[in-house]
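To start, the structure itself, in structure tokens.
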Amino acid sequence: MFALTEKNRSIAQLLLNTGTCPRCVFRFCCVGLQASYRHPYKDLLRELHEFLEYNKEKEDKFCCEIADPPRKRIRLENMGEGAEDLSQNGALQQAPVADDVNVAMENSTQKVCNVCLGILQEFCEMDFVKKVCQKVNSAEYQFTSFVFSVSLPPQLSVRESLFEVSVVFAHPETDEDCHFLATVCSDCFKPAKNKQSIFTRMAIIKALDKIKEEDFHEHFPCPPSSPKNICAALEIQCTNGAIFVAGRYNKYSRNLPQTPWIIDGERKMESSVEELISEHLMTAFKADSFNFSSSGREDVDVRTLGSGRPFAIELVNPHRIHFTAMEMKELQQKINNSSDKIKVRDLQLVTREAIGHMKEGEEEKTKTYSALIWTDKAIQKEDIALLDDMKELKIDQKTPLRVLHRRPLAVRSRVIHTMKSEYIDDHHFRLHLKTQAGTYIKEFVHGDFGRTKPNIGLLLKRTADILELDVESVDVDWPPTLND
Amino acid sequence: MAAPPGVTERYFTRWYKPDVKGNLCEDHCILQHSNRICVITLAEAHPLLQNGKTIKSINYQISANCSRLQNKVSGKSKRGAQFLTELAPLCRISCSDGKEYTIYSCIRGRLMEVNENILDNPAILQEKKAACCSGKDGTSVTTELSVTQQRNLCLSLQKVKGPFKGPP
Chain R
15 MFALTEKNRS IAQLLLNTGT CPRCVFRFCC VGLQASYRHP YKDLLRELHE
65 FLEYNKEKED KFCCEIADPP RKRIRLENMG EGAEDLSQNG ALQQAPVADD
115 VNVAMENSTQ KVCNVCLGIL QEFCEMDFVK KVCQKVNSAE YQFTSFVFSV
165 SLPPQLSVRE SLFEVSVVFA HPETDEDCHF LATVCSDCFK PAKNKQSIFT
215 RMAIIKALDK IKEEDFHEHF PCPPSSPKNI CAALEIQCTN GAIFVAGRYN
265 KYSRNLPQTP WIIDGERKME SSVEELISEH LMTAFKADSF NFSSSGREDV
315 DVRTLGSGRP FAIELVNPHR IHFTAMEMKE LQQKINNSSD KIKVRDLQLV
365 TREAIGHMKE GEEEKTKTYS ALIWTDKAIQ KEDIALLDDM KELKIDQKTP
415 LRVLHRRPLA VRSRVIHTMK SEYIDDHHFR LHLKTQAGTY IKEFVHGDFG
465 RTKPNIGLLL KRTADILELD VESVDVDWPP TLND
Chain G
1049 MAAPPGVTER YFTRWYKPDV KGNLCEDHCI LQHSNRICVI TLAEAHPLLQ
1099 NGKTIKSINY QISANCSRLQ NKVSGKSKRG AQFLTELAPL CRISCSDGKE
1149 YTIYSCIRGR LMEVNENILD NPAILQEKKA ACCSGKDGTS VTTELSVTQQ
1199 RNLCLSLQKV KGPFKGPP
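Residue numbers (this note's numbering), protein chains in the order written: chain R, 15 to 498; chain G, 1049 to 1216.
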């Protein structure tokens, strides 16, 4: 059964005459049935012509709407008046008078639809669909469900966390069609950043809402003119939603930064925790790029022991997303085998929530440390015992000099929850401490020119310095421990 | 056991400015961090660090309109810092023997903070802090008047690189 009914006839005729393609005609006639659109273009065109040419007295093929034949004929003859109703600017289109179906068809097939610029013509045909599928297959992505998005100039595609196939269309010939809106509704168009067009979809929609109908018709013909050229499919793009991998890392080197150390394009230190972990993940997941975050970080010369520090890596546009628990274990083993400077554990796929956990861990959770301390004046066991008795020691730390160039000058109050000393000799002892998140340990030991108070030197009435520092634990119970 | 390289040695470069403002032996020592923040300190030869000197008071009010204590910086870029030239006075120190000394900036830069601890306890200035140095001759000693500055050092500082034991 043909999709259009009698009441659609006049509109359909008018649209077809002005160069609108069958599928757009359907859209204007509110045809909701998807099946109607799926027929091949040529068939739709032919059927539409047949529908318009033959009156209702021909049975079977066409609409079943009950209407009086005489009334219908009158309507055909009054095609001109009908058109007048529809277009207020007086651009009347005369209905073709008893045209031969085939001639009309020929005329139409050559025209590019004046509404969809060809997107619902050629680009809805099997050939183009096959082309898109070919592209998707050759890109070799793993995915479960996907979004198909179409980008119309200057429309933007809507992003979702799924596999997205986006087709970007451009039609330079009609690009300036919407420019008149800028003169009429100038306040809807904000100045362009980076030389991008001010004619964004949002701006145009806003302007169309605002503009008065008369003003619109003054500037833009209704029905719209037929373009000469078809729309061009600029690109077919595939992107996958980001994947998150979390775990905990240990750092055994005193010569390894957490993130790459590059100044003025020159690498100052070889490798980094971030790179040692992510390079294997990037390969396995076939991602374009990554973002590394962790629950705090340690200096280059500080080791991370115990169960390690939680981290999360966002893999951007991964081609591969399905990994079994076994495969994740193998990946973890691969990372651990590749370097003795770091080790990872509890490697697992997680959700975007991971980032929130990192932040929380960095700002709120306690950490424990082990520091090797030197004193200028000799010490006895009794001299350092007093540290063990101090609980919840409040300290004030001005921004350490070593980071003052990139942080604001401020005083931070922090708490040293507990301390445990281990006498080594008359100039050395080891101190285990449990502190609040965000405490600068080195400065607590040597005092940073008196800018951290109290400090170990003041507490022991000596001059103290820190020789070695290790992170013993980061007290966060996320990500979940896996049974290795 | 020899003192290990202390904080100062590890992260700071020492620059000396002897006989500041023509005053014999009033040597200043600039500790420049690798991130270019500088700490202005007194060098060993400075009269204030000699035996028997007692500091009575320290005054950051260097003129009717200017007190270093009023220096307030905000944000990462340290907006609001007082600008310093080489001969800008940082503070005036009075001793029990009646002598007065002025400490100078020695370098061009922006003042980030002054050491307020020494206001209550001037003796800190004279404390010998072994960990803060192991000089080329192996002895310890430098104390600090912690006035910290920032940013690019001027050429005059580079001209005076290297330790000076006495008048040039």
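Using N, Cα and C, we set each Cβ at its ideal position, and we do this for glycine too. None of the values given here were measured: they were computed from a predicted structure.
{"Asked": "Asp-439/R - partner residues in DSSP beta bridges", "Found": "His-442/R"}
{"Asked": "Coarse secondary structure for Cys-1139/G, derived from DSSP in three states", "Found": "strand"}
{"Asked": "Pro-422/R at chain G interface by Cβ criterion, 8 Å", "Found": "yes"}
{"Asked": "Any 3 or more C-beta pairs closer than 8 Å across the stretch 259-273 of chain R and the stretch 298-316 of chain R", "Found": "yes"}
{"Asked": "Interface residues of chain R facing Ile-1085/G [CB-CB closer than 7 Å]", "Found": "Leu-415, Leu-418, His-419"}
{"Asked": "Any chain G beta carbon closer than 8 Å to Gly-464/R", "Found": "yes"}
{"Asked": "Where Leu-447/R falls, given that 16 or more other Cβ within 10 Å makes a residue buried", "Found": "buried"}
{"Asked": "Residues near Asp-397/R in its chain [Cβ-Cβ closer than 7 Å; skip 5 each side]", "Found": "Leu-474"}
{"Asked": "Contact under 8 Å by Cβ, Tyr-1152/G with Leu-1135/G", "Found": "yes"}
{"Asked": "Any C-beta of chain G under 8 Å from that of His-460/R", "Found": "yes"}
{"Asked": "For Thr-1056/G, the first and last residue of its enclosing alpha helix (DSSP H)", "Found": "1055-1059"}
{"Asked": "Ser-427/R beta carbon less than 8 Å from that of Asp-439/R", "Found": "no"}
{"Asked": "Status (buried if at least 16 other CB within 10 Å, exposed otherwise) for His-193/R", "Found": "exposed"}
{"Asked": "Member of Gly-375/R, Ser-487/R, Arg-334/R whose CA lies at the smallest distance from the CA of Ser-308/R", "Found": "Gly-375/R"}
{"Asked": "Whether Lys-379/R touches Ala-451/R by CB criterion (8 Å)", "Found": "yes"}
{"Asked": "7 Å CB neighbourhood of Gly-33/R in its chain, flanking five on each side removed", "Found": "Lys-125, Cys-127, Asn-128, Ser-240"}
{"Asked": "Given 8 Å, three or more beta-carbon pairs between the stretch 208-225 of chain R and the stretch 274-294 of chain R", "Found": "no"}
{"Asked": "Which of helix, strand or coil DSSP assigns to Gln-362/R", "Found": "strand"}
{"Asked": "Bounding residues of the beta strand (DSSP E) (the contiguous stretch that carries His-1121/G)", "Found": "First, the amino acid is wrong: residue 1121/G is Val here, not His. Careful: Val-1121/G lies outside any beta strand (DSSP E) and carries neither H nor E."}
{"Asked": "Proximity below 8 Å, CB of Thr-253/R to CB of Asn-331/R", "Found": "yes"}
{"Asked": "Residue burial classification, His-336/R (beta-carbon count within 10 angstroms, cutoff 16)", "Found": "exposed"}
{"Asked": "8 Å Cβ cutoff met for Ile-1103/G and Leu-1097/G", "Found": "no"}
{"Asked": "Test: Val-1162/G CB closer than 8 Å to a CB of chain C", "Found": "In the structure shown, chain C does not exist; the protein chains are R and G."}
{"Asked": "Chain R within 8 Å of Val-1121/G, Cβ atoms only", "Found": "yes"}
{"Asked": "Distance between Glu-457/R and Asp-479/R (C-alpha atoms, nearest Å)", "Found": "9 Å"}
{"Asked": "DSSP-derived helix/strand/coil call for Gln-347/R", "Found": "helix"}
{"Asked": "Residue span of the beta strand (DSSP E) that contains Gly-1157/G, given as start and end", "Found": "1157-1162"}
{"Asked": "Residues near Ala-81/R by beta carbon distance below 6 Å, same chain, minus five either side", "Found": "The predicted model places Ala-81/R with a pLDDT of 38, which falls under 50 and marks its position as unreliable, so this point remains unresolved."}
{"Asked": "Rounded straight-line distance, which links the Cα of Asp-484/R to that of Lys-412/R", "Found": "22 Å"}
{"Asked": "Interface residues of chain R facing His-1081/G [CB-CB closer than 9 Å]", "Found": "Leu-415, Arg-416, Leu-418, His-419"}
{"Asked": "Leu-415/R versus Thr-477/R: straight-line alpha-carbon distance, rounded", "Found": "18 Å"}
{"Asked": "Simplified DSSP assignment, three categories, for Arg-37/R", "Found": "helix"}
{"Asked": "Residues of the stretch 1107-1132 of chain G whose Cβ lies closer than 8 Å to any Cβ of chain R, in chain order", "Found": "Val-1121, Ser-1122, Gly-1123, Lys-1124, Lys-1126"}
{"Asked": "Counted within 10 angstroms of its Cβ, other Cβ atoms place Pro-494/R as buried (16 or more) or exposed", "Found": "exposed"}
{"Asked": "Ile-218/R in three-state terms, based on DSSP", "Found": "helix"}
{"Asked": "Simplified DSSP assignment, three categories, for Pro-235/R", "Found": "coil"}
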